[in-house]
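Data first, discussion second: the structure below is written as structure tokens.
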Amino acid sequence: MKKFIIKSVVFLAVLSLVFFSLSLTLKRKYNPKTDYLAAIIDKHHRLNKIDSNRLILIGGSNLTFGLNSQTIVDKLNVNVINMGLHAGLGLEFMLNEVKPFIRKGDIIVLCLEYTLYLDDFKPDVDLISFTQHLYPPSKVYYHFNIEEKFLANYAKFKKHFEEQTIKIDPVFNREKFDKYGDNLGHLGLPGLKELRDKERIGKLEVDKSVKLIKQFETECKQKDAKLLISYVSYPKSQYQRNKKAIDDLNQLLHQKISSVTFINKPEDYIFNDDLFYDTVYHLNGKGREKRTERFIRDLKSFVVKN
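Per the working numbering, the very first residue in the sequence shown carries number 51; after that it's consecutive.
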């Protein structure tokens, strides 16, 4: 059995190396000026540029599409840095990209899609691989294991045989981000009648995310920064479907991360379905304003204390 495992690992490693070698010749067609994921470049530019009075938001695209940072700036007099981009990057990537840049006095808020807390969440290896290509410094934010390297290289290999054209998306577009890191491309546009990414929240095991958050919290404390957790906006229909799982998850997180302050409850951010744009985490213009108003209310006392 041991020999079989060793041979399997060696085989996968060799096969992955072959795919990787072939993938080096791949010229994936994209335009860095408009590619959605290339917005990570601008977000890191702001993260490096702003040096004081910082409010750093960490999460997936719920942040990209769901908050009005300009209003937060106006109401709370803070420098917002919205690092939200895509949940597929995973929690490890998100925390590692901010960790080296934490500064004294920072207020950092985790606004994570529910699935990011769960141990069975699988980061999108192709998405991460392409993001690392677009922004090479991000290669240290997430390190692929052997299986993930194989999958990433295989994904690149397949693209040799796919017709590639550059499609400029009017919404998922780097040029639609403002200076704070908010995407404005969807504002005023009609949303989908049927929201995407509807799913039942699965097995409530959170040891991996808890470990990552605790490590990140330690880093924050060492640098005299404040870490907070906020729940995300979620449609009423999906909340009714997942209410028990969300309530149990909330209780579990409070037990396991008791040293981190939760600034709200899941039910505080449940909105009517018609306030969402295209997925269960992307708000439309009206929903974005409602969430921003509540977020400011929840955050206000922590900003004053800071």
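Every residue gets a Cβ at the ideal spot worked out from N, C-alpha and C, and that includes glycine.
ask   = Which residues does DSSP pair with residue 109 in a beta bridge?
value = Here residue 109 refers to the residue found at position 59 of the sequence shown. Answer is 161.
task = With a threshold of 16 other CB atoms inside 10 Å of the CB of residue 190, please say whether the residue is buried or exposed.
result = Reading the sequence shown from its first residue, position 140 is the one you call residue 190. It is exposed - the Cβ of residue 190 has fewer than 16 other Cβ atoms within 10 Å.
ask   = Residue range of the alpha helix (DSSP H) that residue 300 falls in?
value = The residue labelled residue 300 in the question sits at position 250 within the sequence shown. Residue 300 -> alpha helix (DSSP H) spans 286-306.
request  = Could you tell me if residue 236 is buried or exposed, where buried requires 16 or more neighbouring beta carbons within 10 angstroms of its beta carbon?
outcome  = As a working mapping, residue 236 is identified with position 186 in the sequence shown. Under this definition residue 236 is a buried residue.
key: Segment contact, 8 Å Cβ cut-off, at least three pairs: the stretch 110-120 with the stretch 338-354   = yes
request  = Report yes or no: do the stretch 282-300 and the stretch 240-251 share at least 3 C-beta pairs separated by less than 8 Å?
outcome  = yes
key: Alpha carbon of residue 331 to alpha carbon of residue 196, nearest angstrom   = If you number the sequence shown from 1, residue 331 lands on position 281. If you number the sequence shown from 1, residue 196 lands on position 146. Spanning the two alpha carbons is a distance of roughly 31 Å.
query = Assuming residue 90 and residue 188 make a contact with CB atoms under 8 Å, what is their CB distance in whole Å?
reply = Within the sequence shown, the letter at position 40 stands for residue 90. Within the sequence shown, the letter at position 138 stands for residue 188. Yes, they are in contact, since the Cβ atoms of residue 90 and residue 188 sit about 7 Å apart, within 8 Å.
query = Going by the CB atoms, is the gap between residue 173 and residue 140 shorter than 8 Å?
reply = In the sequence shown, residue 140 corresponds to position 90, counting from 1. In the sequence shown, residue 173 corresponds to position 123, counting from 1. For residue 140 and residue 173, yes; Cβs fall inside 8 Å.
key: Range of the contiguous beta strand (DSSP E) that encloses residue 131   = Indexing the sequence shown from 1 puts residue 131 at position 81. Residues 129-132.
query = Which of helix, strand or coil does DSSP assign to residue 425?
reply = The structure shown has nothing for residue 425, since the chain only spans 51 to 356.
ask   = Are there 16 or more other CB atoms within 10 angstroms of the CB of residue 93, so buried, or fewer, so exposed?
value = In the sequence shown, residue 93 corresponds to position 43, counting from 1. Label assigned to residue 93: buried.
request  = Go ahead and pull the three-state DSSP assignment for residue 72.
outcome  = As a position in the sequence shown, residue 72 is number 22, starting the count at 1. In this prediction, residue 72 has a pLDDT of 46, which is less than 50 and means its spatial position is unreliable; nothing more can be read from the coordinates.
query = What is the DSSP secondary structure of residue 312, counted as helix, strand or coil?
reply = As a working note, residue 312 is residue 262 in the sequence shown. Residue 312: strand per DSSP, three-state reduction.
Spatial neighbours of residue 320 in its chain, beta-carbon cut-off 7 Å, leaving aside the 5 residues before and after = Residue mapping note: residue 320 aligns to position 270 of the sequence shown, counting from 1. Excluding sequence neighbours, residue 320 sits near 284, 286 and 289.
inquiry  = Between the alpha carbons of residue 145 and residue 170, how many angstroms are there, rounded?
reply    = Sequence index remark: in the sequence shown, residue 145 carries index 95 (1-based). Sequence index remark: in the sequence shown, residue 170 carries index 120 (1-based). Whole-angstrom Cα-Cα distance: 18 Å.
ask   = How would you call residue 87, buried or exposed, if buried means at least 16 neighbouring beta carbons within 10 angstroms?
value = Against the sequence shown, residue 87 aligns to sequence position 37. The residue in question, residue 87, is buried, as its Cβ has 16 or more Cβ neighbours within 10 Å.
ask   = Near residue 255, which residues of its chain fall below 8 Å by C-beta distance, leaving aside the five closest residues on each side in sequence?
value = For the purposes of this step, residue 255 is taken as the residue at position 205 of the sequence shown. Correct list, in chain order: 168, 169 and 170.
query = Under 8 Å, do residue 277 and residue 267 count as touching if we go by C-beta distance?
reply = Counting from one through the sequence shown, the residue named residue 277 turns up at place 227. Counting from one through the sequence shown, the residue named residue 267 turns up at place 217. In contact: residue 277 and residue 267 (Cβ atoms closer than 8 Å).
message = Between the alpha carbons of residue 84 and residue 241, how many angstroms are there, rounded?
response = Here the question's residue 84 lines up with position 34 in the sequence shown. Here the question's residue 241 lines up with position 191 in the sequence shown. Going from the Cα of residue 84 to the Cα of residue 241 covers about 22 Å.
ask   = In three-state terms, what does DSSP make of residue 154?
value = Counting from 1 along the sequence shown, the entry for residue 154 is found at position 104. In the structure shown, residue 154 sits in coil (DSSP, three-state: anything other than H, G, I, E or B).
message = What does DSSP give as the partner residue(s) for residue 333 in the beta ladder?
response = In the sequence shown, residue 333 corresponds to position 283, counting from 1. Per DSSP, 326.
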